[in-house]
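**Student:**
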Amino acid sequence: MTLKLYMAQRISALIMAPLVLMHIAVMIYAIQGGLSAAEILGRTQGSILWFAFYGTFVVAVSIHAALGLRTVLSEWAGLRGTALNAVAWAVLALLLILGMQAVYGVTAT
Amino acid sequence: MPKEQQMSVSVWRGGAAGAYQSFDVKMEDNQTVLDVVAWIQQYADPTLSYRYACRVGMCGSCAMMVNGVPRWTCRTHVKKVLKDGHMEIGPLRNLPVIKDLATDMDSFFNKWVAAEGLHHPTQTRHDPIEAIDPASAARVEANAGIECINCSVCYAACDTVAGNPDYLGPAALQRAWSVYNDSKDSDKQAILDAVSGVGGCHNCHSQGSCAVHCPNELNPMNAIAGLKRETARNFFKRRT
Numbered sequence: 001m002t003l004k005l006y007m008a009q010r011i012s013a014l015i016m017a018p019l020v021l022m023h024i025a026v027m028i029y030a031i032q033g034g035l036s037a038a039e040i041l042g043r044t045q046g047s048i049l050w051f052a053f054y055g056t057f058v059v060a061v062s063i064h065a066a067l068g069l070r071t072v073l074s075e076w077a078g079l080r081g082t083a084l085n086a087v088a089w090a091v092l093a094l095l096l097i098l099g100m101q102a103v104y105g106v107t108a109t
Numbered sequence: 001m002p003k004e005q006q007m008s009v010s011v012w013r014g015g016a017a018g019a020y021q022s023f024d025v026k027m028e029d030n031q032t033v034l035d036v037v038a039w040i041q042q043y044a045d046p047t048l049s050y051r052y053a054c055r056v057g058m059c060g061s062c063a064m065m066v067n068g069v070p071r072w073t074c075r076t077h078v079k080k081v082l083k084d085g086h087m088e089i090g091p092l093r094n095l096p097v098i099k100d101l102a103t104d105m106d107s108f109f110n111k112w113v114a115a116e117g118l119h120h121p122t123q124t125r126h127d128p129i130e131a132i133d134p135a136s137a138a139r140v141e142a143n144a145g146i147e148c149i150n151c152s153v154c155y156a157a158c159d160t161v162a163g164n165p166d167y168l169g170p171a172a173l174q175r176a177w178s179v180y181n182d183s184k185d186s187d188k189q190a191i192l193d194a195v196s197g198v199g200g201c202h203n204c205h206s207q208g209s210c211a212v213h214c215p216n217e218l219n220p221m222n223a224i225a226g227l228k229r230e231t232a233r234n235f236f237k238r239r240t
């Protein structure tokens, strides 16, 4: 792991920490009156704020998880060089696509 | 006269491929693991290969795995490590075995150079000797690592080295941190660059085996944390 990757992982963790707390707080708050898809979508659809909140979350999680898995694959599975980076980029792309699709799904009108 | 007490000692024989060979060795009141190895070589099998020099814990050449733990054998008493009258002595972990208990330490020492743990002088021999304040914060940091005897015990103890052969390892990074904090060193940027690459300090998972096993009770993990801190600080500085 180089300094650049280290910084990317630490900074993505710093971004994630407050977002995780807010995500949990909102979840506890949102289910007080029962949980329904209509209620959630009513809050999130068309909201630029929630798009930005969960969009940022997805980007940070994707970077953090891809780098973490990259280290695990390198040290435990012995992956090196191009193969290692290719897998890490693929994980990043997959998480970004899945995550952004979900964010789009609940915020698009 | 009391009956002579014996212990059974398994010693690694061969190179990377090899096996443990068992020897019966007479127990003495005061006996180090190195004494046992020397006894086997002198009285049981003269073809046994191993390394030592000073026998007093200064030269760092006699480190071996004793019951799976890296130790300086000249300062390790048999009574401390013997389990049910048995012990196992092997070559240091994370290094290629040359023969028996002797490992090829090239990669260990090459990494000291790769980590830029070298002195970059600020003055020439014609300049007067610079006064150093021993109480200054940087000097205290530098002093923390200077008792390293290059024995490679921390390198053998490190699971990150085991998983990543590129990793520079605790000893080399601790030396880099000592040199970085030396006010007489002129190229601190070269050190930060050297420890920021693929095998650099950022690979450390802070498991702390280096600090646990260091025979001189040094704390390379702390030095590595210092390097991480300084490289991170420098990361932003260089971009502004």
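Residue numbers (the UniProt record's numbering), protein chains in the order written: chain A, 1 to 109; chain B, 1 to 240.
C-beta: ideal position from N, C-alpha, C; glycine also.
(1) Mind listing the chain B neighbours of S74(A)? Cutoff is C-beta to C-beta under 8 Å, in chain order.
(2) To the nearest angstrom, how far is the alpha carbon of I191(B) from that of H77(B)?
(3) When you compare the CB of Y29(A) with every CB in chain B, is at least one pair closer than 8 Å?
(4) List the endpoints of the continuous alpha helix (DSSP H) containing R71(B).
(5) Between which two residues does the beta strand (DSSP E) carrying Y20(B) extend?
(6) Give me the chain B residues within the contact set of T2(A), using Cβ-Cβ distance strictly less than 8 Å, ordered along the chain.
(7) How many whole angstroms separate the CB atoms of V66(B) and V97(B), which I take to be in contact at a CB cut-off of 8 Å?
(8) Could you please give me the residues that DSSP links to K83(B) through a beta bridge?
(9) Assign H126(B) to one of two classes, buried (16 or more other C-beta atoms within 10 Å of its C-beta) or exposed (fewer than that).
(10) If you measure between the beta carbons of S152(B) and L218(B), is that distance less than 8 Å?
(11) Using three-state DSSP, classify Q41(B) as helix, strand or coil.
(12) Following the continuous beta strand (DSSP E) through S74(A), name the residue where it begins and the one where it ends.
(13) For a contact defined as C-beta to C-beta under 7 Å, what are the partners of M7(A) on chain B?
(14) Smallest Cα separation from E28(B): which of N203(B), N164(B) and K79(B)?
(15) G163(B) bridges to which residues according to DSSP?
(16) Going by alpha carbons, who is nearest to N85(A) out of L94(A), L67(A), W76(A) and A102(A)?
(17) Compute the Euclidean distance between the alpha carbons of P70(B) and M64(B), then round it to the nearest angstrom.
(18) From the DSSP output, which residues share a beta bridge with G42(A)?
(19) Rounded to a whole number of angstroms, what is the C-alpha to C-alpha distance between Y180(B) and N110(B)?
(20) Just confirm the distance between the C-beta atoms of residue 249(B) and Q5(B), as a whole number of angstroms; I'd bet it's less than 8 Å.
(21) Compute the Euclidean distance between the alpha carbons of H86(B) and A176(B), then round it to the nearest angstrom.
(22) Output yes or no for whether 8 Å exceeds the beta carbon distance between V9(B) and I89(B).
(23) What are the boundary residues of the beta strand (DSSP E) that K99(B) is part of?
(24) Note down the Cα distance separating R13(B) from W39(B), rounded to an integer number of angstroms.
(25) What does the alpha-carbon distance come out to for the pair V11(B) and P46(B)?
(26) DSSP three-state label for V195(B), please.
(27) Is the beta carbon of A157(B) less than 8 Å from the beta carbon of S209(B)?
(28) Report yes if the CB atom of N216(B) is closer than 8 Å to the CB atom of I149(B), and no otherwise.
(29) Can you name the start and end residues of the alpha helix (DSSP H) that V11(B) belongs to?
(30) Just to confirm my understanding: we take residue 156(A), look at its own chain, exclude 5 residues before and 5 after, and list those with CB closer than 7 Å. What are they?
(31) Identify, in the order they occur along the chain, each residue of the same chain with its Cβ nearer than 8 Å to the Cβ of A30(A), setting aside the five sequence neighbours on each side.
**Tutor:** Looking at the atomic coordinates:
(1) Around S74(A), the beta-carbon contacts reaching into chain B at under 8 Å are G163 and N164.
(2) Answer to the nearest angstrom: the Cα atoms are 38 Å apart.
(3) no
(4) No alpha helix (DSSP H) holds R71(B); the beta strand (DSSP E) holding it covers V69 to W72.
(5) Segment G18 to K26, the beta strand (DSSP E) holding Y20(B).
(6) Residues of chain B with a Cβ closer than 8 Å to the Cβ of T2(A) are, in chain order, S196, G197, V198, G200 and H202.
(7) With 8 Å as the limit, V66(B) and V97(B) do not qualify as a contact, their Cβ atoms being about 16 Å apart.
(8) H86(B)
(9) exposed
(10) Result no, Cβ atoms of S152(B) and L218(B) do not sit closer than 8 Å.
(11) helix
(12) Where S74(A) is concerned, there is no enclosing beta strand (DSSP E), although the alpha helix (DSSP H) it sits in stretches over I48 to W76.
(13) A232 and F235
(14) K79(B)
(15) Looking at the DSSP assignment, G163(B) forms no beta bridge with any residue, so it has no partner.
(16) L67(A)
(17) Looking at the two C-alpha atoms, the distance is approximately 6 Å.
(18) Bridge partners of G42(A): none, in fact.
(19) Taking the straight line joining both Cα atoms gives about 18 Å.
(20) In the structure as shown, chain B begins at 1 and stops at 240. Residue 249(B) is therefore absent and cannot be evaluated.
(21) 39 Å
(22) yes
(23) V97 to K99
(24) 16 Å
(25) 13 Å
(26) coil
(27) yes
(28) yes
(29) For V11(B), no alpha helix (DSSP H) segment is defined; the enclosing uninterrupted segment is the beta strand (DSSP E) at Q6 to G14.
(30) Given that chain A is displayed from residue 1 to residue 109, the structure contains no residue 156(A) and the question cannot be resolved.
(31) Cβ-Cβ distances below 8 Å link A30(A) to E39, I40 and R43 in the same chain, with the five nearest sequence neighbours on each side left out; the list follows chain order.
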